[in-house]
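Some notes on the structure that comes next.
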Amino acid sequence: MVRAPFYDKNGMKKGAWSPQEDHKLRSYIQRFGHWNWRELPKFAGLKRDGKSCRLRWMNYLRPEVKHGNYTEEEDALIMKLHEEFGNRWSTIAASLPGRTDNEIKNHWHTHLKKRAKRTSDGKEYSSTTSQSEATHSSEGEAESVLIDNPPNMILESSPLSPTTKSTTELSSFISDSGYISSLNVSGGMEDICLPSSSEIYEAQSSGDFWSEPFVVENIYNQDGYPPFLARGGLVLPLPYEMCYGDSADLLYQLM
DNA sequence: AAGCGTTCCAACCGCAGGCGC
DNA sequence: CGCGCCTGCGGTTGGAACGCT
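Here UniProt numbering is used: position 61 in the first sequence is 61, and no number is missing along the way.
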C-alpha cells in the first residue's frame with residue numbers, strides 16, 4: 001500500500017513514514033507550528049525533506065483529518081463540486097471539513113469517477129445532487145456547507161504557524177486555545193524548551209544535536225536563535241531531541 | 001495453496017504562483 | 001524586471017491488500 005522506505009542520494013528518507021517519524025512531526029508541529037517547511041525537519045529531528053513533512057502533516061497527521069467512511073452526503077457533494085470546479089481538488093476539499101485534497105482525489109478516482117460516469121448515462125446523479133442542493137442552495141452554497149469548525153480544528157490558514165506571531169502572541173494563542181497546554185503532561189507552558197545558547201552549543205557539540213554539521217556561529221545569534229528567526233521576534237523551535245523526553249513518550253502512549 | 005490480476009491510497013514529482021530582495 | 005525561495009496544487013506511481021481462478 002505504501003512505498004518501502006529508502007534513502008535518496010542526499011540522505012533524505014523517502015517512502016512510508018514510521019510511527020516514530022509521525023510522532024516526531026506531530027509533536028513538533030503541535031508545539032511550534034510549521035514555521036518553515038524546509039527547515040522544519042532539521043529541527044524536528046527528521047531525515048525528510050520539508051515537502052514530505054508538509055504532505056504527511058496536511059494529509060494524514062492533522063488532528064482534524066478524517067479518514068475513509070465517506071457519507072452519501074459527502075459523495076454527493078464531491079460529485080457536485082467536481083461537476084462545477086473540475087479537478088480543482090483543493091477547492092473541493094475546502095468545502096469538506098476534515099477531508100484533504102489528496103484523499104478526495106483518491107476517492108474520486110477509485111469510487112466516484114465510475115459512479116459519475118454511470119449516473120451521467122442514467123440521470124440518477126442529478127437527482128442525488130438536487131437533494132443535496134436543497135439543503136445548501138443558491139449561490140455560495142459551497143461556503144454554506146462549510147460546516148462549523150470544531151473548536152480544536154486548525155485550518156491551513158489558521159494561526160497555528162507562528163510565522164506571523166511574536167513570542168508573546170504565540171504563547172498567548174497557545175494558552176488561549178489550550179492546544180499545547182494540553183500537551184504539557186509534566187507542567188505548564190514553562191515546559192517549552194527554551195535553553196540558552198550555551199545549552200544549544202553543548203548539545204550540538206556533544207553530538208546529540210542534528211545530524212547535520214551546523215556551525216553554531218552561523219546559525220545562532222547571541223540570543224541563541226538563528227538570525228532569520230530572531231529578526232522576527234520568533235522563538236526558535238528547538239530540535240526534537242532537546243524538547244521531547246519522557247513526557248513526549250508518555251504523551252505518545254496516551255495517544 | 002499458489003499464482004495472477006485488480007484495487008486503492010500514501011507518497012512522490014514537477015510545475016506554477018506568491019513573495020521578498 | 002529578474003531571480004531565488006517557499007508553498008501549494010494536481011497528476012502520477014509504487015506496492016500492499018485483496019479477490020479471483
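The beta-carbon is built from N, C-alpha and C at its ideal position, and this holds for glycine as well.
All figures in this text were calculated on a predicted structure; none of them were measured in a lab.
Return helix, strand or coil for Y7, following the three-state DSSP convention. DSSP, reduced to helix, strand and coil, places Y7 within a strand of the structure shown.
Around the C-beta of S18, are 16 or more other C-beta atoms found within 10 angstroms, so that it is buried, or is it exposed? With fewer than 16 other Cβ atoms within 10 Å, it is exposed.
Do the CB positions of V65 and G33 come within less than 8 Å of each other? No, these two residues do not count as a Cβ contact at 8 Å.
On the DSSP bridge list, what partners appear for K14? DSSP lists F6 as the beta-bridge partner residues of K14.
Going by other Cβ atoms of all chains shown within 10 Å of its Cβ, with 16 needed for buried, is S90 buried or exposed? Residue environment analysis places S90 among the exposed positions, since fewer than 16 neighbouring C-beta atoms fall within 10 angstroms of its C-beta.
Starting from E83, trace the alpha helix (DSSP H) in both directions and tell me its first and last residue. Element bounds for E83: 72-85.
Given E74, which residues of its chain have a CB within under 8 Å of its CB, disregarding the five upstream and five downstream residues? Contacts found: L96, R99.
Take the Cβ of Y28 as the centre, count every other Cβ of all protein chains shown within 10 Å, and call the residue buried at 16 or more, exposed below. Y28 sits buried, since 16 or more C-beta atoms from the chains shown fall within 10 Å of its C-beta.
Since N102 is in the alpha helix (DSSP H), which residue starts that stretch and which ends it? Counting along the chain, the alpha helix (DSSP H) containing N102 begins and ends at 101-107.
Return yes when the Cβ of W108 is within less than 8 Å of the Cβ of H82, no when it is not. A contact, by the Cβ cut-off of 8 Å.
Could you give the C-beta distance for K51 and W37, rounded to a whole number, given that I count them as a contact under 8 Å? Between the beta-carbon of K51 and that of W37 there is about 7 Å, and that keeps the pair under the 8 Å contact cut.
How would you call G45, buried or exposed, if buried means at least 16 neighbouring beta carbons within 10 angstroms? Result: buried.
Are I92 and F85 touching if we call contact CB-CB under 8 Å? In this structure, F85 lies closer than 8 Å to I92 by Cβ.
Taking only the alpha-carbon atoms, compute the straight-line gap between A16 and R3 and give it to the nearest angstrom. For the pair A16 and R3, the Cα-to-Cα distance works out to about 5 Å.
Beta-carbon proximity check, L61 vs D22, cutoff 8 Å: Contact check for L61 against D22 passes: the beta carbons are separated by less than 8 Å.
Could you have a look at R38 and say whether DSSP puts it in helix, strand or coil? If DSSP states are grouped into helix, strand and coil, R38 belongs with coil.
Can you tell me whether E64 is helix, strand or coil according to DSSP? E64: coil per DSSP, three-state reduction.
If I'm right that M12 touches K47 with Cβ under 8 Å, what's the distance once you round it to whole angstroms? Indeed, because the Cβ distance is near 6 Å, the residues count as touching under 8 Å.
First and last residue of the alpha helix (DSSP H) that includes R56? Per DSSP, R56 belongs to the alpha helix (DSSP H) from 50-56.
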